[in-house]
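Residue numbers (our numbering): 20 to 77. We put the CB at the ideal spot given by N, CA and C, even for glycine.
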């Protein structure tokens, strides 16, 4: 079940918006996991430039 801050009623025009929201959620969760993994391995925080470089490759 997905919880959003606003209500999206069932309509065919919303499918692109829902896809965008779902993709953004997956990217956000991936970045959080990447931060945790990076800190656990090297004991440092992941800087913004390196994170942007990683997202661009995806």
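- Following the DSSP letters along the chain, one finds residue 66 in no alpha helix (DSSP H), marked with neither H nor E.
- Judged by DSSP in its simplified three-state form, residue 28 adopts coil rather than helix or strand.
- In the structure shown, the three-state DSSP call for residue 23 is coil.
- Leaving aside the five residues that flank residue 33 on each side, the residues in its chain whose CB is nearer than 6 Å to its CB run, in chain order, 27.
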